[in-house]
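This report concerns only the one structure given below.
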Amino acid sequence: MEVLADKLRPKNLDEIIGQQHLVGKNKIIRNLVTNNHLVSMILYGKPGIGKTSIAMAIANTLEKPFRLLNATINNKQDFDIVIEEAKMQGEMIVIMDEIHRLNKDKQDLLLPYIENGLIILIGMTTSNPYHRINPAIRSRCQIFELKELTLDEIKEGIDRAIPYLKGIKVDDEVKNTIAKLSSGDLRNAINLLEIAYYGSSKKHITKEIIENINPKAIFFSDSNEDGHYDVLSGLQKSIRGSDVDASLHYLARLIEEGDLDSIYRRLSVIVYEDIGLANPSLGPKLMAAINAAELVGLPEARIPLGTIVTEMALSPKSNSAHTALDAALEDIENGNVGNLPVHLKTNSPLYKYPHNYPNSWVKQQYLPDNIKNKKYYQSKDNKYEQSLNKLHKEMTGGK
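See below:
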């Protein structure tokens, strides 16, 4: 039996919910389709936010032959069949889920045909393609990141689903609760609505029915009126402000949502943006905590996460490194660049190799002439950065 979420799958780009930065008027994917010039691409983002919908809408709009493959489930023979079909058709869109799991045999099979344009690949993944997808595939694809759906966009999807459920009764409060429980996953929201519909005696969906299906509804509907991103913001600002109790409170709210990926991503930003050089050992410690949380899963994942968040909140803070880079980026964006000094260019005989000198340091100019006296990095007054400054002065003789 076809589930409701599949019945609601968009037929064209106009029916896509969210992702207007890609499919909106004059946006990149919209223009590629309008100009009938499709390129191989990778769509990545959280589950249930429109990756498959966009891929299918592209194929339907262009009226091109397409096949669906899963990098894990489909075997090499399935790939061979699709390639033969592509040769007969002259061109084929291959929509591939779990592309980050594509093994070398299947990849080697596809690469020549992606290269010559016989196959236009639309890969989909929830993993960061810059880390998880083989460079040979990645270099042949344009990468597009899908954004998490907002509460209003989830509710728009719920409203589209309601006419398919004959006789349903559901008020705005319940729709709001379903949307919050979905954690940005539209498919999850529609599935919950459908289960509640068929799980009720008179097709009247109440908060009590939702609570019976998912006990977290009590937390979402009664206690958490703040948006998901606001809670993430509260976590970061509490850690930045060194308030350990508030940090643990917002971490607990995020754990209650069960959205570990958002926790991992935000903590990875915080450890370098807000703690940085004041305590650089926390970067590897955070990765170890994330790996442990992934290994054990919920509910035990709360233990390594609680430990690392406590240490992050209690740690000294510094944003000196990333603000220094931002200052350098501002110069680049404003065209304040200049040519490399001649002695830094490839194979220049004028270059002085520092390791040939005492302390592995020798005075020479590294920045372009027009910004040669520029100072991007301004250290903060913490033990680690001060120790770096001291070592740097000893190495360079204070220069």
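With our numbering applied, the sequence shown corresponds to residues -16 to 382, in that order. In this text, a Cβ means the ideal position worked out from N, Cα and C, and glycines have one as well.
Burial state of residue i (16 or more Cβ within 10 Å)
i	result
Ile141	buried
Pro95	exposed
Ser298	buried
Ile0	buried
Thr35	buried
Tyr180	buried
Ile137	buried
Leu262	Per the sequence shown, the amino acid found at residue 262 is Asn instead of Leu. Buried, by the Cβ-count rule.
His211	buried
Ser343	exposed
Gln2	buried
Leu269	buried
Ile64	exposed
Ile56	exposed
Ser370	exposed
Ile315	exposed
Ser23	buried
Leu278	exposed
Lys163	buried
Val(-14)	exposed
Leu85	buried
Glu68	exposed
Met71	exposed
Alpha carbon of residue i to alpha carbon of residue j, nearest angstrom
i	j	result
Trp242	Pro30	Rather than Trp, the amino acid found at residue 242 in this sequence is Asp. Those two C-alpha atoms are separated by around 11 angstroms.
Asp168	Lys10	23 angstroms
Val157	Glu194	10 angstroms
Met75	Leu134	36 angstroms
Asn42	Asn58	Note on identity: in this sequence residue 42 is Ala, with Asn being the wrong assignment. Answer to the nearest angstrom: the Cα atoms are 23 angstroms apart.
Gln347	Lys335	8 angstroms
Ser204	Gly224	Because the pLDDT of Ser204 is 45, which lies under 50, any placement of that residue in the model is unreliable, and the question is left without a value.
Leu260	Tyr247	20 angstroms
Leu40	Leu(-4)	Reading off the sequence shown, one finds Ala at residue 40, where the question assumed Leu. Computed Cα separation, rounded: 6 angstroms.
Ser166	Glu139	15 angstroms
Pro383	Ile173	Given that the chain is displayed from residue -16 to residue 382, the structure contains no residue 383 and the question cannot be resolved.
Ile253	Val227	14 angstroms
Leu175	Leu237	20 angstroms
Met378	Pro337	11 angstroms
Gly266	Tyr255	7 angstroms
Lys352	Gly321	The amino acid at residue 352 is misidentified as Lys; the sequence shows Asp. Distance between the alpha carbons of Asp352 and Gly321: 7 angstroms.
Lys(-10)	Ser264	50 angstroms
Ser206	Cys124	Only weak support is given to the placement of Ser206: the predicted model assigns it a pLDDT of 48, under 50, and the value that follows is read from those uncertain coordinates. Distance between the alpha carbons of Ser206 and Cys124 is about 44 angstroms.
Tyr233	Val214	6 angstroms
Lys190	Ile178	13 angstroms
Arg(-8)	Ala144	10 angstroms
Leu308	Asn319	14 angstroms
Pro112	Leu15	21 angstroms
Thr306	His114	25 angstroms
Gly381	Asn372	10 angstroms
Ile188	Asp154	8 angstroms
Leu323	Leu312	16 angstroms
Tyr47	Glu(-2)	Residue 47 is actually Lys in this sequence, not Tyr. For Lys47 and Glu(-2), the distance between alpha carbons rounds to 19 angstroms.
Arg13	Gly7	6 angstroms
Proximity of residue i and residue j at Cβ, strictly below 7 angstroms
i	j	result
Ala310	Tyr349	no
Val77	Arg121	no
Ser251	Val292	no
Ile425	Leu52	Summary: the structure shown does not reach residue 425, with the chain confined to residues -16 through 382, and so no result is reported for it.
Ala276	Ile222	no
Glu98	Ala54	no
Ile161	Lys186	no
Ser183	Ile196	no
Ala407	Pro282	An answer regarding residue 407 cannot be provided, because it is not within the stretch -16 to 382 covered by the chain.
Ile37	His83	no
Leu148	Ile32	no
Leu5	Phe127	yes
Leu92	Phe62	yes
Lys300	Asp257	yes
Arg170	Ala(-12)	yes
Ser303	Ser245	no
Bridge partner(s) assigned by DSSP for residue i
i	result
Gln450	What the structure shows of the chain is the stretch from -16 to 382, and residue 450 is not part of that stretch, so it cannot be assessed.
Ile78	Leu51, Ile105
Ile188	Val153
Chain D within 7 angstroms of residue i, Cβ atoms only
i	result
Asp168	Here there is only one protein chain, and chain D is not present.
Taking 8 angstroms as the threshold, find out whether the stretch 19 to 27 comes into contact with the stretch 107 to 115 through three or more Cβ pairs. yes
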